[in-house]
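Trainee:
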Amino acid sequence: MLYLRITTVLLFSFLALNMNAQWGQYEATWENEPGIMSVNLDVKKIAPVDELAFLLEITQAGEECDENGLIINAGLTTSEQTAVDVDSILSTAMYVEDVGRLLYRCQSKDYYYIQDSSVAYQVLEALYGLSLDFKIIEDKSWKVYEELIYPDDFLVQTMINKRIFNQLHEEAYNFEGKALLQHYASFSSEEDRHDYRRFLIQNNYKIGEMTISADEARSYVISFSRKDKLHLERLSNITLRLDQKAISLAGSYDGWGIEL
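Numbers 289 to 548, taken from the numbering used here, label the letters of the sequence shown in order.
1. Please report the straight-line C-alpha distance between residue 493 and residue 353, rounded to a whole angstrom.
2. Given this structure, state the Cα-to-Cα distance separating residue 325 from residue 468, to the nearest angstrom.
3. Out of curiosity, what's the CA-to-CA distance linking residue 371 and residue 398?
4. Are the stretch 353 to 369 and the stretch 420 to 428 touching by the rule of at least three beta carbon pairs closer than 8 angstroms?
5. Within the chosen definition, does the stretch 313 to 328 reach the stretch 376 to 394 through at least 3 CB pairs nearer than 8 angstroms?
6. May I have the straight-line CA-CA distance separating residue 348 from residue 522, to the nearest angstrom?
7. I'd like to know whether the C-beta atoms of residue 327 and residue 437 end up nearer to each other than 8 angstroms.
8. My output table needs one value for residue 471: the three-state DSSP class, helix, strand or coil.
9. On a CA-only basis, which of 458, 509 and 331 is nearest residue 497? Give me that one, please.
10. Secondary structure at residue 545, three-state DSSP: helix, strand or coil?
11. Going by DSSP, what residues sit across from residue 463 in a beta bridge?
12. Check the C-beta distance from residue 340 over to residue 312 and give it rounded, since I have them as a contact under 8 angstroms.
13. Using a threshold of 8 angstroms, state whether the C-beta atoms of residue 445 and residue 317 are closer than that.
14. Where DSSP assigns a beta bridge to residue 516, which residues make up the other side?
15. Give the straight-line distance between the Cα atoms of residue 242 and residue 407, rounded to the nearest whole angstrom.
16. Roughly how many angstroms lie between the CA atoms of residue 479 and residue 396, to the nearest whole one?
17. Which of the three DSSP states is assigned to residue 428 in this structure?
18. Compute the distance between the beta-carbons of residue 331 and residue 368, then report whether it is under 8 angstroms.
19. Check this for me: beta carbons of residue 415 and residue 448, under 8 angstroms apart or not?
20. One question on the structure: do residue 514 and residue 474 come within less than 8 angstroms of each other, judged by their Cβ atoms?
21. Could you compute how far the alpha carbon of residue 456 sits from the alpha carbon of residue 315?
22. Is it right to say residue 489 is buried, meaning 16 or more other beta carbons lie within 10 angstroms of its own, or is it exposed?
23. Apart from the five residues just before and just after residue 534, which ones in its own chain have a Cβ nearer than 7 angstroms to its Cβ?
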């Protein structure tokens, strides 16, 4: 039997936009139009960065788009390369963080937090002139990243669970009926783990092993299981609740697995 387990530290895909950062991707609507957002997940840990008080937004129109208004084919490749070039050029002059890319309305929008707005204007106008549509605004609190680019808690869980669902589809898994899901969480104290265990029992989970790991920050580990329907939205609500409860106890919900 194959036991598939993916924990939250492994769940986000790496995109070619920035090989030094972990990126994820999700679908949503912006101004009632469907789109795809690629987001630099790593910078969430440090946002906002005091030195990066300005947001640079670069907009590129697509030559060819699909029925959902997403740039495709050569136009997508060209827009991606321009985004990489801008990041590389500005990084030679200042501190830059590439934080997101939105595809919608037959456009691409790339977002960077930058250190010096005047230098960025000079560099981009000298190199691109009127051929590049860009704007720079002051955003010391990183409001655009927090409210527009980074997904909400439910979307984060959906991104995580969809990755597992995709792997299950590759294994030709039968999604009909309920499946026994094995979950994991870890805590910094035995007392917090005990409180989480009580929460799990109240929600009809079967308690599995409780062990001590080598992780100094969260060494008190608990595994637990319950049969649930493998429906993406339903499961994302379940894992969101498990995650939020673990966080409230200064712990971490570490993902789920399933036996194949």
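Glycine included, every Cβ here is placed at the ideal spot set by N, Cα and C. What you are looking at is a predicted structure, and each value in this text was computed from that prediction instead of being measured.
Mentor: Working from what's here:
1. 47 angstroms
2. 32 angstroms
3. 7 angstroms
4. no
5. yes
6. 37 angstroms
7. yes
8. strand
9. 509
10. strand
11. Beta-bridge pairing links residue 463 to no other residue.
12. Contact flag wrong, Cβ pair sits at about 20 angstroms.
13. no
14. 467
15. For the chain, the structure presents residues 289 to 548; residue 242 sits outside this window and is missing.
16. 49 angstroms
17. coil
18. no
19. no
20. no
21. 20 angstroms
22. exposed
23. 473, 484, 540 and 541
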